[in-house]
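Listed in order, the protein sequences are those of chains A and B.
Residue numbers for the first sequence follow my numbering, beginning at 19 and rising by one.
Residue numbers for the second sequence follow my numbering, beginning at 513 and rising by one.
Backbone N, C-alpha and C define an ideal beta-carbon position, used for all residues, glycine too.
Here the structure comes first, spelled out in structure tokens, and everything after it is commentary.
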Amino acid sequence: MRVGVVGGGPAGLYVALLIKKGDSGAEVRVVERNAPDATFGWGVVFSEETLGALRDADFESFTQIQEGFARWSAIDIHYAGETIRSRGHVFTGISRKVLLATLQGRCREVGVELQFNRELRDLSDFEDCDLIVGADGVNGFVRRLYPETFRPSLQLHETKYVWFGTDLALDAFTFIFRRNEHGLFQVHAYPFDAHTSTFIVECPEEVWRRAGLDQADEAASIAYCERLFGPELNGHRLLSNRSLWLSFATLRSQSWHHGNVVLLGDAAHTAHFSIGSGTKLAMEDAIALVEAIRRRGELAPALTDYELERQPVVERFQEAARESSTYFEHVARYDGFAPVQFAFNLLTRSRRITYVNLSVRDPALTRSVDAFFAGANGAASLRLVAPPPMFAPLAIGGTRLPNRAVYAMRPGEDAVDGMPGDGLIDRAAQAAASGAGLVVSEVVAVSSDGRIGAGTPGLYRPEHAAIWRRAIERIHDRGAAVALLLGHAGRRGATRPRAFGLDRPLRAGGWPLLAASAIPYTPRGPIPHQAEPADLARITAAFATAATLARVCDVDVLEIDAGLGYLLAGFLSPLTNQRTDAYGGSLENRMRLLLEVVDAVRGAWPAPRPLAVRLDAGDWAAGGVTLDDAVAIAAALRTHGCDLVHPVLGQTVPEARADYSRGFGVPAADRIRNEARLPVIASGNITTADEVNTIVAAGRADLCVLES
Amino acid sequence: MRVGIGLPTSTANATGDLIVEWARRAEQASFSSLGAVDRLAYPNLEPLTALAAAAAVTATIQLVTMVLIGPLRNATLLAKEAASVDVLSGGRLTLGLGVGARDEDYVVAELDPRRRGRRLSDQVTVLKDVWEAGRVGPRPQRPSGPRILLGGGSGEAFARMARHADGYAHGGGPPRAFAGAASKARAAWTDAGRPGTPALWGMAYFALGEGAAEPGAAYLRHYYAFTGPFAEKIAAANLTTPGAIVDFIRGYEDAGCDELILFPTVGALEQLDRLADVLKSR
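Have a look at this one:
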């Protein structure tokens with residue numbers, strides 16, 4: 019077999035070595051554009067698992083690299099004048115230079131031909147090869163030869179980073195967060211031999227510009243960073259090696275081979291440096307490729323096998339890397355967290371580590387987190403016994419919730435003219451049995467014409483209150499609090515029961531609908547009337563009346579529905595609000611009705627009674643409400659006396675680019691909580707206690723709707 | 513989990529004799545359902561037509577399109593065709609619908625493939641309205657018409673499924689991929705406030721016995737040629753040993769699949785018999 023390899027980085031050298039080693043008759047040639055001793059970057063990180071794979075694939079190179087290993091099991095987080103140390107994370111750092119020299123040596127030993135200082139521009143050199151490997155990195159040319167097959171996409175990240183070395187020998191993976199007059203900077207640093215560490219500095223682009231680093235040369239950048247991180251460097255220097263400020267680019271390729279040309283490592287895919295897996299993935303690619311060729315004996319099925327095996331693994335890392343990089347892009351949001359919570363949030367940022375994983379790796383840290391939620395003082399706490407965060411009580415307004423899980427009652431649809439059916443009592447009993455600390459009702463209509471369907475329960479006549487009171491008693495008996503979700507269906511009213519499908523108009527017995535603008539919800543649905551000022555006054559008064567009735571029913575929390583495209587959400591979204599009066603146009607105008615309703619309800623439901631809003635935090639449709647809008651609305655809600663926000667997504671319009679992945683509502687909850695600064699309920703495909711513990715402990719939400 | 517088998521409507525030699533004999537034997541072998549794939553610019557049998565033929569020689573086995581490309585058809589006419597198969601089969605039809613993945617099918621139908629998702633949503637609304645109203649007969653066996661499954665992997669497709677359908681039709685892949693889709697289908701269902709849970713249907717390809725793997729893979733490469741490099745991966749995932757089938761079934765069962773349909777990649781009756789043997793000894 020004749021093999022040509024473009025690129026002499028770890029992936030290219032390793033694949034050449036493994037092929038030649040397994041088939042001594044093979045002719046293997048590596049062409050590298052740089053000199054053998056030119057290496058950029060400092061150290062690379064491997065997990066125990068990767069080391070095992072490297073040991074099995076080529077014991078000789080493994081033994082040689084092992085000599086210079088730096089191993090650690092701790093992560094240090096320098097934040098707010100404290101250092102939090104988390105243990106149990108075993109990793110190994112290796113000098114990139116040593117790694118390359120070792121692999122070059124091994125390649126020569128087994129008879130791989132190495133050509134340095136030679137830059138290829140096409141594959142004509144390898145015309146006679148059976149297999150051509152593109153291991154030429156993220157900027158390589160091989161990928162560009164067959165864009166129709168590889169279908170690559172590049173996504174540029176929002177932060178700037180620079181890759182330094184330092185002669186400070188760290189004994190842990192180290193994160194440093196430091197704020198100065200320009201903004202917040204973070205460092206990702208780890209040792210890779212006995213004397214040296216990698217030291218990556220990262221910050222948002224605007225901070226980088228404010229600091230003048232866009233104008234700074236290498237020496238000036240070093241001087242700035244040495245000054246900024248003087249306390250941690252403790253007299254040690256930062257070392258440069260073509261250390262330029264960059265924006266990280268994530269590369270995804272749909273396919274990794276075309277005929278006999280195959281991509282490896284960074285040439286096919288990249289993952290943000292904050293999860294430190296670029297070299298690891300590249301070398302694992304090499305092992306998988308060579309193993310597939312050996313197993314299949316034929317090239318075509320082997321290349322398919324290689325992709326089938328590696329693509330899902332790489333996608334998982336890219337997903338984790340996406341979560342991790344998003345965290346670092348917005349980490350300033352968490353500046354102000356207590357150190358123990360800040361540390362937990364950082365450690366669980368990529369979702370690969372959860373509360374449960376961390377309590378196995380580092381029981382001491384999760385114990386401090388539990389203690390923190392039990393009101394003790396974080397890491398220094400002597401408290402040994404505390405419940406996990408999901409079971410920490412929470413005070414909202416004057417109400418104490420016994421735990422952080424929320425049960426959302428499903429629509430019952432058995433009411434008659436707003437009078438809840440007997441089924442409500444059973445469903446209340448079911449909700450109470452869930453063990454959740456807060457039970458949120460289905461949408462309860464504030465007026466007859468505000469019902470979603472003929473069977474929607476209401477709270478607009480005194481006799482409605484009596485049955486709500488009985489249902490709520492059932493829930494109180496089991497220790498849970500009750501939130502009543504008051505709403506008006508708007509243009510989504512007068513529909514048939516959901517067993518028949520969503521938003522199908524009643525065939526008989528419907529009623530006229532009201533909405534921000536006269537646009538039907540579905541193409542064949544009824545056209546609503548545009549609400550006139552008198553309608554708005556009546557609806558606002560209906561919310562207040564319902565709030566008064568809610569006091570009689572012993573409701574704990576009142577929640578106003580401004581989500582999912584119902585009436586109030588319909589005013590918030592430009593997709594459904596085309597008014598030209600004081601209730602349409604600017605965001606301030608679009609949120610006017612919601613704030614008027616909040617004020618009116620607050621009049622009938624005074625503090626400290628807790629008031630919540632279910633808020634449209636995104637329409638999943640171009641031109642709709644964005645999360646930026648929702649943060650602004652939530653901030654306004656806070657000043658109007660709202661105690662709790664439950665962000666929800668979608669359903670403003672029936673056809674939208676929805677996302678139902680795990681915890682899909684958590685990013686919205688996180689941003690509203692930590693930017694608009696008020697307590698939030700997170701929901702959206704959260705199904706395990708581990709997820710609730712992780713989300714709550716990390717400070718991404720205060721409460722979570724747990725789905726079965 | 514119930515296990516059904518696909519009709520050989522898109523493999524070579526899809527003759528009337530083969531289809532009806534396959535249907536008879538599938539029922540005898542206790543497969544829960546017969547599935548039929550759909551595409552236009554390909555020499556396969558039209559799925560509702562094939563299922564009607566199968567209905568005539570069977571009594572209990574369920575009939576399902578997996579999936580029929582809805583936007584290629586006029587909604588009212590499709591409602592009538594589906595109701596007809598439902599009546600002919602005594603209420604055994606489940607209508608799986610999707611938008612399809614090939615522009616070519618839209619080209620030969622002289623239809624614009626853009627906004628086909630929206631057209632599918634509207635079509636389901638029309639299907640249900642027609643079945644319930646009875647203005648265009650025949651009346652289906654169930655008052656609300658045949659059960660509807662919707663497929664597709666985008667968030668939009670999951671939302672559409674939760675909004676209009678009775679369940680989800682997955683397009684194929686390893687158990688891990690099915691589990692991911694099932695999680696999204698359930699979440700979309702909860703988000704829509706629908707009662708109960710969505711029915712979750714899966715599908716896969718098989719070829720059993722000496723010498724079947726290669727023609728099976730060749731068929732899949734041909735059938736999925738429009739996906740470019742992906743066809744090779746689909747061909748590689750063909751289930752070609754009893755062990756692979758048993759493992760696959762277990763994986764789907766664990767992922768919460770309600771019904772899995774295994775489609776032949778070689779259109780020969782002995783393929784059905786071999787699969788029945790694997791399931792018997794499972």
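Helix, strand or coil at residue i [DSSP, three-state]
i	result
A:Leu317	helix
A:Ile470	coil
B:Val569	coil
A:Cys571	coil
B:Gly763	helix
B:Met578	strand
A:Ala234	coil
A:Gly343	The question names Gly, yet the displayed sequence has Ser at residue 343 of chain A. Looking at A:Ser343 - three-state DSSP - the assignment turns out to be helix.
B:Gly740	coil
A:His348	coil
A:Ala88	strand
A:Ser271	strand
A:Arg689	helix
B:Arg854	The structure shown has nothing for residue 854 of chain B, since chain B only spans 513 to 794.
A:Arg171	Reading off the sequence, residue 171 of chain A comes out as Ser, not Arg. Of the three classes helix, strand and coil, the one that applies to A:Ser171 here is strand, per DSSP.
A:His482	helix
A:Ala153	coil
Beta-ladder partner(s) of residue i, from DSSP
i	result
B:Met715	B:Ile773
A:Asp665	In the sequence as displayed, the identity of residue 665 of chain A is Pro instead of Asp. A:Pro665 is bridged to A:Leu633.
A:Ser113	A:Gly61
A:Val46	A:Val21
A:Tyr179	A:Glu220 and A:Leu264
B:Gly663	B:Ala681
A:Thr513	A:Gly471 and A:Pro523
A:Gln548	A:Ala533
A:Leu504	A:Val462 and A:Ile578
query = Between the stretch 677 to 702 of chain A and chain B, which residues of the former have a C-beta closer than 8 Å to a C-beta of the latter?
reply = Of all residues in the stretch 677 to 702 of chain A, the ones placed with a Cβ closer than 8 Å to any Cβ belonging to chain B are Asp677, Tyr678, Ser679, Arg680, Phe682 and Gly702, in chain order.
task = Jot down the residue ranges of each uninterrupted beta strand (DSSP E) in the stretch 281 to 331 of chain A, minimum 3 residues, whole runs only, in chain order.
result = DSSP runs (the beta strand (DSSP E)) wholly in the stretch 281 to 331 of chain A: none.
task = Determine which residues of the stretch 652 to 675 of chain B have a Cβ less than 8 Å from any Cβ of chain A, and write them out in chain order.
result = Within the stretch 652 to 675 of chain B, the residues whose Cβ lies closer than 8 Å to some Cβ of chain A are Ser656, Ser666, Gly667, Glu668, Phe670, Ala671, Arg672, Ala674 and Arg675, listed in chain order.
query = Below 8 Å, can you find three or more Cβ-Cβ pairs linking the stretch 323 to 335 of chain A to the stretch 205 to 221 of chain A?
reply = No, the stretch 323 to 335 of chain A is not in contact with the stretch 205 to 221 of chain A.
query = Taking Cβ-Cβ distances below 7 Å as the criterion, which residues of the stretch 746 to 763 of chain B are in contact with chain A?
reply = Contact annotation: in the stretch 746 to 763 of chain B, residues whose CB is within less than 7 Å of a CB in chain A are Ala748.
request  = Mind the definition here: the stretch 507 to 522 of chain A touches the stretch 599 to 614 of chain B only if three or more C-beta pairs lie below 8 Å; say whether that holds.
outcome  = Not touching, per the Cβ criterion.
query = Mind pulling the alpha helix (DSSP H) runs of 4 or more residues that sit fully within the stretch 599 to 642 of chain B?
reply = Listed in chain order, they are 615 to 620.
ask   = Which residue spans inside the stretch 382 to 424 of chain A form an unbroken beta strand (DSSP E) run of at least 3?
value = Secondary structure within the stretch 382 to 424 of chain A: the beta strand (DSSP E) runs of 3 or more consecutive residues, fully enclosed, are 412 to 414 and 417 to 419 (chain order).
task = For the stretch 94 to 149 of chain A, list the beta strand (DSSP E) runs that are entirely contained and at least 3 residues long, ordered along the chain.
result = Segments of the beta strand (DSSP E) lying fully in the stretch 94 to 149 of chain A: 100 to 113 and 131 to 133.
query = In chain order, which continuous runs of the alpha helix (DSSP H) of length 4 or greater are located wholly inside the stretch 573 to 634 of chain A?
reply = Counting only runs of 4 or more, we get 585 to 590, 605 to 608 and 610 to 622.
ask   = Do three or more CB pairs link the stretch 583 to 596 of chain B to the stretch 719 to 728 of chain B at distances below 8 Å?
value = In the pairwise beta carbon analysis, the stretch 583 to 596 of chain B is classified as not touching the stretch 719 to 728 of chain B: fewer than three pairs are separated by under 8 Å.
ask   = Should the stretch 302 to 315 of chain A be regarded as contacting the stretch 19 to 35 of chain A, the criterion being three or more beta carbon pairs within less than 8 Å?
value = Enough Cβ pairs lie closer than 8 Å, so yes.
message = Within 8 Å, do at least three Cβ pairs link the stretch 689 to 703 of chain B to the stretch 666 to 674 of chain B?
response = In short, these stretches touch, since the Cβ pair count reaches three.
inquiry  = Output needed in chain order: residues of the stretch 605 to 625 of chain B with a Cβ under 7 Å from some Cβ in chain A.
reply    = The residues in question: there are none.
Within the stretch 183 to 257 of chain A, ranges of the alpha helix (DSSP H) (whole runs, at least 4 residues) = Segments of the alpha helix (DSSP H) lying fully in the stretch 183 to 257 of chain A: 223 to 228, 236 to 246 and 248 to 251.
task = Give, in chain order, every unbroken run of the beta strand (DSSP E) that is at least 3 residues long and sits entirely within the stretch 673 to 721 of chain B.
result = Counting only runs of 3 or more, we get 679 to 681 and 711 to 718.
task = Please list the segments of the alpha helix (DSSP H) lying wholly inside the stretch 418 to 464 of chain A, counting only runs of 4 or more residues, in order along the chain.
result = Taking only runs of at least 4 residues, the alpha helix (DSSP H) segments lying wholly in the stretch 418 to 464 of chain A are 441 to 451.
task = Can you give me, in chain order, the residues of the stretch 540 to 567 of chain A that have a beta carbon less than 8 Å from any beta carbon in chain B?
result = In summary, the residues of the stretch 540 to 567 of chain A whose CB is separated from some CB of chain B by less than 8 Å are Thr540, Pro541 and Arg542, in the order they occur in the chain.
The stretch 564 to 576 of chain B contacting the stretch 538 to 546 of chain B, beta-carbon criterion three pairs below 8 Å = The way I'd put it, the stretch 564 to 576 of chain B does touch the stretch 538 to 546 of chain B; three or more beta-carbon pairs between them come closer than 8 Å.
inquiry  = For the pair the stretch 560 to 577 of chain A and the stretch 616 to 633 of chain A, tell me if three or more CB-CB distances fall below 8 Å.
reply    = In short, these stretches touch, since the Cβ pair count reaches three.
Under 8 Å (Cβ pairs) to chain A, residues found in the stretch 763 to 778 of chain B = Taking 8 Å as the cut-off between beta carbons, none of the residues of the stretch 763 to 778 of chain B comes near chain A.
inquiry  = By the 9 Å beta-carbon criterion, what residues does the stretch 306 to 337 of chain A contribute toward chain B?
reply    = Here the close residues are Ala318, Pro319, Leu321, Thr322, Asp323, Glu325, Leu326, Gln329 and Pro330.
task = Taking a Cβ distance cut-off of 9 Å, strictly less, list which residues of the stretch 703 to 718 of chain B are near chain A, in chain order.
result = From the stretch 703 to 718 of chain B, only Asp703, Ala704, Gly705, Arg706, Pro707 and Gly708 have a Cβ closer than 9 Å to chain A.
query = For the stretch 515 to 537 of chain A, which residues have a beta carbon sitting closer than 9 Å to at least one beta carbon of chain B?
reply = Those residues of the stretch 515 to 537 of chain A that come within reach of chain B (Cβ to Cβ, closer than 9 Å) are Pro515, Arg516, Ala517, Phe518, Gly519, Leu520, Asp521, Arg522 and Arg525.
task = Flag this pair as touching only if the stretch 340 to 358 of chain A and the stretch 284 to 303 of chain A have three or more C-beta atom pairs under 8 Å; answer yes or no.
result = Between the stretch 340 to 358 of chain A and the stretch 284 to 303 of chain A there are three or more inter-stretch CB-CB distances shorter than 8 Å, so the stretches are counted as touching.
Near-chain A residues of the stretch 633 to 646 of chain B - C-beta to any C-beta below 9 Å = The stretch 633 to 646 of chain B vs chain A, Cβ under 9 Å: Ser633, Asp634, Val636, Thr637, Val638, Lys640, Asp641, Glu644 and Ala645.
message = For the stretch 220 to 237 of chain A, list every residue whose C-beta sits within 9 Å of some C-beta in chain B, in sequence order.
response = Listed in sequence order: no entries.
key: Uninterrupted alpha helix (DSSP H) stretches inside the stretch 520 to 551 of chain B (no shorter than 4 residues)   = Complete alpha helix (DSSP H) runs here, min 4: 528 to 540.
task = Note down, in chain order, all residues in the stretch 656 to 680 of chain A with a beta-carbon under 8 Å from any beta-carbon belonging to chain B.
result = Cβ contacts with chain B: Gly668, Gln669, Pro672, Glu673, Ala674, Arg675, Ala676, Asp677, Tyr678, Ser679 and Arg680.
message = Does the stretch 646 to 663 of chain A come into contact with the stretch 630 to 638 of chain A, if we say contact requires no fewer than three beta-carbon pairs (one atom in each stretch) closer than 8 Å?
response = Contact holds between the stretch 646 to 663 of chain A and the stretch 630 to 638 of chain A, because three or more Cβ pairs, one in each stretch, are under 8 Å apart.
task = Using a Cβ-Cβ cut-off of less than 7 Å, list which residues of the stretch 417 to 436 of chain A approach chain B; keep chain order.
result = For the stretch 417 to 436 of chain A, the set of positions with a beta-carbon nearer than 7 Å to some beta-carbon of chain B reads Arg428 and Pro429 in chain order.
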